[in-house]
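*Asks:* Submitted below is the structure of interest, expressed as structure tokens.
2 protein chains.
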Amino acid sequence: MENRGGHYLRELLEMLKKDLFVLEKTEASCCGMTLSQCHVILAIGKAGEVSLNELAGLLNLDSSTISRSVDNLFNKGLVSRKVDERDRRYVRISLTEMGKEVYGEIERNLADYFERVFSSIPEEKRHQVLESLKLLLDAVRENRCCEEGFLW
Amino acid sequence: MENRGGHYLRELLEMLKKDLFVLEKTEASCCGMTLSQCHVILAIGKAGEVSLNELAGLLNLDSSTISRSVDNLFNKGLVSRKVDERDRRYVRISLTEMGKEVYGEIERNLADYFERVFSSIPEEKRHQVLESLKLLLDAVRENRCCEEGFLW
DNA sequence: ATAAAATAGTTGTATATTGCAATTATTTTT
DNA sequence: AAAAATAATTGCAATATACAACTATTTTAT
Numbered sequence: 001m002e003n004r005g006g007h008y009l010r011e012l013l014e015m016l017k018k019d020l021f022v023l024e025k026t027e028a029s030c031c032g033m034t035l036s037q038c039h040v041i042l043a044i045g046k047a048g049e050v051s052l053n054e055l056a057g058l059l060n061l062d063s064s065t066i067s068r069s070v071d072n073l074f075n076k077g078l079v080s081r082k083v084d085e086r087d088r089r090y091v092r093i094s095l096t097e098m099g100k101e102v103y104g105e106i107e108r109n110l111a112d113y114f115e116r117v118f119s120s121i122p123e124e125k126r127h128q129v130l131e132s133l134k135l136l137l138d139a140v141r142e143n144r145c146c147e148e149g150f151l152w
Numbered sequence: 001m002e003n004r005g006g007h008y009l010r011e012l013l014e015m016l017k018k019d020l021f022v023l024e025k026t027e028a029s030c031c032g033m034t035l036s037q038c039h040v041i042l043a044i045g046k047a048g049e050v051s052l053n054e055l056a057g058l059l060n061l062d063s064s065t066i067s068r069s070v071d072n073l074f075n076k077g078l079v080s081r082k083v084d085e086r087d088r089r090y091v092r093i094s095l096t097e098m099g100k101e102v103y104g105e106i107e108r109n110l111a112d113y114f115e116r117v118f119s120s121i122p123e124e125k126r127h128q129v130l131e132s133l134k135l136l137l138d139a140v141r142e143n144r145c146c147e148e149g150f151l152w
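In structure tokens, the structure reads:
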């Protein structure tokens, strides 16, 4: 029935979210950090160099939250800060060598994991799964009501 | 290419996770609570009545964390606690009338949202999307290395 | 029947996270 | 030159988190 589709969709997504949450917590813990710190490291690592406000936008968190999180990672020697020479309001945030090592390890572990997951999907279904996720993502985005919200 | 499938899969999942994170934060904020509190309310509401340890298991958090979270919601009048008569070590946790109202509102909003998302998927693709999510979930679970971890 | 072990939940401790408001420093606009 | 805007930090206060230790209760072993 049509009005059960959304329900089942949500159930599947919630189970998926939960399982991936466990994955990430375990991964973060193995690397001696919290989940939030792990998210920050991954976002910085992926961007290479990023401003604080950009990072806040990427992670959808308040800039004050990110400022403190980055401060904490800076104190641990994982992150570096450089005032932008052209515009001294900006701070350019990137990973230190140590930070890159941590990032690399997490990245490898997650990459390996998702390759294994992908390989566990029946071969003739793999393209369908990817296509379906894209369709779902498009639908999710289509139903945003505004830039940061999803409800009316 | 085979070794790009996992990469693309992960990218899609991360974008999806992010968008849904924004959705939930907005929803929680609209109901005057934090995301974590929202998770707790939804878990209790769905279970009807649940023990603290069960709740901790459902949310994959330490029982001490849940104990304090439930305490906070109790103080707000959203949650009730009853010592189990048969075994006084147990506390039976459920929602108060007020808690049920909050739960009902969040549930309706999320249900509506996911119905809209589902309806935005091209009709001939809907079954495929659901099937694909199920396949993906199975693959994710197949690659757990232990009960609470996903890596080795 | 009693003691030991196990379980459920709470509390102490310490750290981390979070966002709003206010602040400082800098750049842009008027 | 002054006002406005922007980036980031800090103050404030609440919430969240997990480990360890604890209390109360039940189960298991003796």
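From first to last, the protein sequence lines are chains A and B. Counting from 1, one number per residue, gives the positions in the first sequence under the UniProt record's numbering. Counting from 1, one number per residue, gives the positions in the second sequence under the UniProt record's numbering. Here a beta-carbon is modelled for each residue, glycine too, at the ideal position from N, C-alpha and C. Since the model is a prediction, treat every value here as computed from it, not as a measurement.
Listed from N- to C-terminal order along the chain, which residues in the stretch 101-114 of chain A have their beta-carbon within a distance smaller than 9 Å of any beta-carbon of chain B?
*Replies:* ASN109, LEU110, ALA111, ASP112, TYR113, PHE114
*Asks:* HIS39/B versus chain A: which residues are under 7 Å apart at the beta carbon?
*Replies:* For the purposes of this step, residue 39/B is taken as residue 39 along the second sequence, with counting starting at 1. Chain A residues near HIS39/B: none, gap ~10 Å exceeds 7 Å.
*Asks:* Measuring CB to CB, does LEU137/A end up less than 7 Å from MET98/B?
*Replies:* Here residue 137/A corresponds to residue number 137 of the first sequence, with the count starting at 1. Here residue 98/B corresponds to residue number 98 of the second sequence, with the count starting at 1. Against a cut-off of 7 Å, the Cβ pair of MET98/B and LEU137/A comes out as no contact.
*Asks:* Have a look at SER120/A and ARG10/A and give me their C-alpha separation to the nearest angstrom.
*Replies:* As a working mapping, residue 120/A is identified with position 120 in the first sequence. As a working mapping, residue 10/A is identified with position 10 in the first sequence. Inter-residue distance for SER120/A and ARG10/A is about 23 Å (C-alpha atoms, whole angstroms).
*Asks:* Per DSSP, SER94/A is paired with what?
*Replies:* Your numbering for residue 94/A matches position 94 in the first sequence. Paired residue(s): GLU49/A, SER80/A.
*Asks:* Taking only beta-carbon positions, decide if LYS61/A is within less than 7 Å of chain B.
*Replies:* Position 61 of the first sequence, counted from the first residue, corresponds to residue 61/A. Lys is not the amino acid found at residue 61/A; the sequence shown has Leu there. No, its Cβ sits nowhere closer than 7 Å to a Cβ of chain B.
*Asks:* Is the separation between the beta-carbon of ARG43/B and that of LEU35/B shorter than 7 Å?
*Replies:* Residue mapping note: residue 43/B aligns to position 43 of the second sequence, counting from 1. Residue mapping note: residue 35/B aligns to position 35 of the second sequence, counting from 1. Note on identity: in this sequence residue 43/B is Ala, with Arg being the wrong assignment. No, the Cβ-Cβ distance between ALA43/B and LEU35/B is not below 7 Å.
*Asks:* Using a Cβ cut-off of 8 Å, pull out every chain B residue sitting near LYS25/A, in sequence order please.
*Replies:* Position 25 of the first sequence, counted from the first residue, corresponds to residue 25/A. ASN60, listed in chain order.
*Asks:* Assuming LYS134/A and LEU13/B form a contact by the criterion Cβ under 8 Å, report the distance between their Cβ atoms to the nearest whole angstrom.
*Replies:* Locating residue 134/A in the first sequence gives position 134, where the first residue counts as 1. Locating residue 13/B in the second sequence gives position 13, where the first residue counts as 1. Their Cβ separation, rounded to whole angstroms, is 11 Å, which puts LYS134/A and LEU13/B out of contact at 8 Å.
*Asks:* State the DSSP-derived secondary structure class of ARG88/A, mapped to helix, strand or coil.
*Replies:* Locating residue 88/A in the first sequence gives position 88, counting from the first residue. Three-state result, ARG88/A: coil.
*Asks:* Taking the beta carbon of residue 156/B as the centre, do at least 16 other beta carbons fall within 10 Å, making it buried, or is it exposed?
*Replies:* Residue coverage of chain B in this structure runs from 1 to 152, which leaves residue 156/B outside it and unanswerable.
*Asks:* SER132/A CB to nearest chain B CB: under 7 Å?
*Replies:* The residue labelled residue 132/A in the question sits at position 132 within the first sequence. Yes, its Cβ sits closer than 7 Å to a Cβ of chain B.
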